[in-house]
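Chains as they are written, first to last, in the working numbering: chain R, 1208 to 1488; chain V, 2 to 381.
Note that the Cβ used here is the ideal one computed from N, Cα and C, for glycine as well.
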């Protein structure tokens, strides 16, 4: 992809963990030597990632390893102290959260952040609404354009809700949904912004094994139907090992291991980070 | 499912609901809903006007009713910033005074140009009607502009800080109105003695037409992508931003809209009262309006309308007990805050269309329990 309206496409050396099918294209998300300090504390240091356009990757690590901080860096909630983030080849430095979202990155939150007083459909419509083109005048004077778009986007919202079979909740307040459905709604809301990369922050937290099973299937379905890459943070190893093609293990803000799930499971450094070092007597 | 029958986009969920009920439920099209509401509104105006013409409602009562209309506008406009946007500005009286002074000065200055006198507005000369419309719009625009100037820096702050800064700005506006004559060198606002000679350009009819328009515009703004973005910011600002909602823009939009409508209310107020004085627009006025919104329920338009009505009538009715008025006021508020902290109506909003729909389907008294079971189902 040559220059586009966001800026000049920057090329970076291609790391080798991108799945073969995505090799011909620019990595959809790339982070190089990413790091952030909070005062004297280095929360993330030298974080590198390159994701193919249809890749599913996972970040695992003990609590406080800096996983969510990485998501906050990737979505420009925090400004990185060091390093570069390329989204579809374009540097995101200096962009706002909104701009980065429009460039194609959407996320969910570890502690669910829904618009809880709004209905389920309205929640989805907030994300979809970015693509609406009615001006304020159209809306307040109810021009035909307003009606046309509201109808179109209502249908789109319903279609999106039907992805998780949530149409029946369309008119329910988001805050009144059961927990699992809230997590799903958050994913749908993010999908409504038409992202190229979806960041899921502990999507299986608080789910029972059956729901986790469903979620694994759903993540694959999302990847295939919405044609996007998924990066997820998760503590549930069954999910990570089940759907991720590449897993990065984070400890104290640094990647200590990276590879396929099998490699990670047998990596002594990972075992050390999770279980501690074996004492030799 | 017949597109024309399913209630259209105003109530998009009707489709889902109707299909769940096997499509047997009668619904009203959006067009019909609008027509019904318009007819009811016109009927209300006609009845009111008729009662006034027949002398059934006295002059004094008419003034109180006009003030009810004005406070409805004030409460509903503040509700945009508090109930919908979720901020707490404490300077609404400032915008009201900007609108009031702007409109009054504009009309006073324009009267000689168009050869109008004080009577012209009462008899309803065409040129006076035009001047009224332009004047009210001008008042709204000036207030909207000051809302923009205040909003851009103020909206970077949150909660208490926003409250304090808006409070400060309202005081600045009051002091400006008090002293601007000395600065510009000619009589503009009349300073502390007030602005007099304002023709009484409001009456029951035009006040309530404006009320209707304001309610309509706020309603349509909120039931659109712009309104959803504003509500999203209230519910979760970070999530809204991550979902691509330009929070700075929408916060400013809601704040300016709130100021604009407050200016419109102020413009009517000037015509209704006839004398503008800076002292009328102090801190207490802002609080008075805020109390209406909080009492009615933040985020409920009907709540704002009802509590504005009650809280305008109450002081008038209690005039004989003027000394105890504030005591009663305070007690009522404390009781409401203890027993219904979300306000009398919470975020509930009335929809005539939904009401009639339930009526023709015979669900008027079943509606509540059905909704409840739905929620139980959702929580299961």
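According to DSSP, is residue i part of a helix, a strand, or is it coil?
i: residue 71 of chain V; result: helix
i: residue 1298 of chain R; result: strand
i: residue 186 of chain V; result: coil
i: residue 1473 of chain R; result: coil
i: residue 295 of chain V; result: helix
i: residue 59 of chain V; result: coil
i: residue 79 of chain V; result: helix
i: residue 93 of chain V; result: helix
i: residue 121 of chain V; result: helix
i: residue 1264 of chain R; result: strand
i: residue 286 of chain V; result: helix
i: residue 1412 of chain R; result: coil
i: residue 1403 of chain R; result: coil
i: residue 277 of chain V; result: strand
i: residue 23 of chain V; result: Reliability of the predicted coordinates at residue 23 of chain V is poor, the pLDDT of 45 falling under 50, and the value obtained from them is presented with this limitation in mind. Coil, per DSSP.
i: residue 1480 of chain R; result: helix
i: residue 1209 of chain R; result: Reliability fails at residue 1209 of chain R, whose pLDDT of 43 lies under 50, so the model's placement of it is uncertain and the value that follows must be treated cautiously. Residue 1209 of chain R falls in the coil class under three-state DSSP.
So residue i is in the beta strand (DSSP E); what residue range does that whole segment cover?
i: residue 249 of chain V; result: Not the beta strand (DSSP E): residue 249 of chain V falls in the alpha helix (DSSP H), residues 248-274.
i: residue 1254 of chain R; result: 1248-1258
i: residue 1363 of chain R; result: Looking at the DSSP string, residue 1363 of chain R is not in any beta strand (DSSP E); the run it does join, the alpha helix (DSSP H), is 1351-1370.
i: residue 1245 of chain R; result: 1236-1245
i: residue 357 of chain V; result: No beta strand (DSSP E) contains residue 357 of chain V, which is instead part of the alpha helix (DSSP H) from 353-361.
i: residue 1440 of chain R; result: 1436-1440
i: residue 1458 of chain R; result: 1453-1458
i: residue 87 of chain V; result: Segment: none, residue 87 of chain V is in no beta strand (DSSP E) and carries neither H nor E.
i: residue 309 of chain V; result: From DSSP, residue 309 of chain V is part of no beta strand (DSSP E) but of the alpha helix (DSSP H) over 302-318.
i: residue 1466 of chain R; result: 1461-1466
Contact check, residue i vs residue j under 8 Å by CB: the rounded distance?
i: residue 1410 of chain R; j: residue 1367 of chain R; result: That pair is no contact at about 17 Å.
i: residue 1282 of chain R; j: residue 1406 of chain R; result: 7 Å
i: residue 1288 of chain R; j: residue 1298 of chain R; result: Contact doesn't hold; Cβ gap of about 16 Å is too wide.
i: residue 79 of chain V; j: residue 290 of chain V; result: 5 Å
i: residue 1295 of chain R; j: residue 1311 of chain R; result: 6 Å
i: residue 296 of chain V; j: residue 345 of chain V; result: 6 Å
i: residue 206 of chain V; j: residue 193 of chain V; result: Not a contact, Cβ separation roughly 34 Å.
i: residue 269 of chain V; j: residue 211 of chain V; result: 6 Å
i: residue 248 of chain V; j: residue 241 of chain V; result: 6 Å
i: residue 350 of chain V; j: residue 303 of chain V; result: 6 Å
i: residue 102 of chain V; j: residue 300 of chain V; result: Residue 102 of chain V to residue 300 of chain V, Cβ: 30 Å. No contact.
i: residue 196 of chain V; j: residue 105 of chain V; result: 6 Å
i: residue 1336 of chain R; j: residue 229 of chain V; result: 6 Å
i: residue 1432 of chain R; j: residue 1263 of chain R; result: Actually they are not in contact, since the Cβ atoms of residue 1432 of chain R and residue 1263 of chain R sit about 14 Å apart, beyond 8 Å.
Which residue marks the beginning of the alpha helix (DSSP H) containing residue i, and which one marks its end?
i: residue 51 of chain V; result: 31-54
i: residue 1397 of chain R; result: 1386-1398
i: residue 1225 of chain R; result: No alpha helix (DSSP H) contains residue 1225 of chain R, which DSSP labels as neither H nor E.
i: residue 1421 of chain R; result: 1416-1433
i: residue 393 of chain V; result: Because chain V is modelled from 2 through 381, residue 393 of chain V falls outside the range shown and cannot be assessed.
i: residue 1444 of chain R; result: 1444-1450
i: residue 1345 of chain R; result: 1343-1347
Measuring only between beta-carbons, confirm whether residue i sits less than 7 Å from chain A.
i: residue 221 of chain V; result: Looking at the structure shown, chain A is missing, and the protein chains on hand are R and V.
Mind pulling the beta strand (DSSP E) runs of 3 or more residues that sit fully within the segment 130-162 of chain V?
none
Short of 8 Å Cβ to Cβ, which residues in the segment 229-254 of chain V face chain R?
229, 230, 232, 233, 235, 236, 237, 239, 240, 241, 242, 243, 244, 245, 246, 247, 248 and 254
Inside the segment 1267-1335 of chain R only - beta strand (DSSP E) runs reaching at least 3 residues
1289-1294 and 1312-1314
Residues of the segment 1426-1454 of chain R in Cβ contact with chain V at a cutoff of 9 Å, in chain order, please.
none
Short-range partners of chain R found in the segment 101-130 of chain V, where Cβ spacing is below 8 Å:
none
Quick check for students: name the residue ranges of the alpha helix (DSSP H) that lie wholly in the segment 186-241 of chain V, counting only runs of 4 or more.
205-223 and 226-236
Closer than 8 Å, Cβ to Cβ, to anything on chain R: give me those residues from the segment 306-328 of chain V, in chain order.
none
Could you name the residues of the segment 53-66 of chain V whose beta carbon sits closer than 8 Å to any beta carbon of chain R, in the order they occur along the chain?
none
For the segment 1351-1363 of chain R, which residues have a CB atom closer than 7 Å to at least one CB atom of chain V, in sequence order?
1353, 1354, 1357, 1358 and 1361
Cβ-based contacts, 7 Å cut-off: residues of the segment 1330-1344 of chain R near chain V
1332, 1333, 1334, 1336, 1337, 1339, 1341 and 1343
What are the residues of the segment 1226-1237 of chain R that lie near chain V, defined by any Cβ-Cβ distance shorter than 9 Å?
none
If you measure beta-carbon to beta-carbon, which residues of the segment 1309-1321 of chain R are closer than 8 Å to chain V?
1309, 1313, 1314, 1316, 1320 and 1321
Looking at chain V, which residues of the segment 1380-1401 of chain R have a Cβ within less than 9 Å of any of its Cβ atoms?
1380, 1381, 1382, 1383, 1384, 1385, 1388, 1393, 1396, 1397, 1399 and 1400
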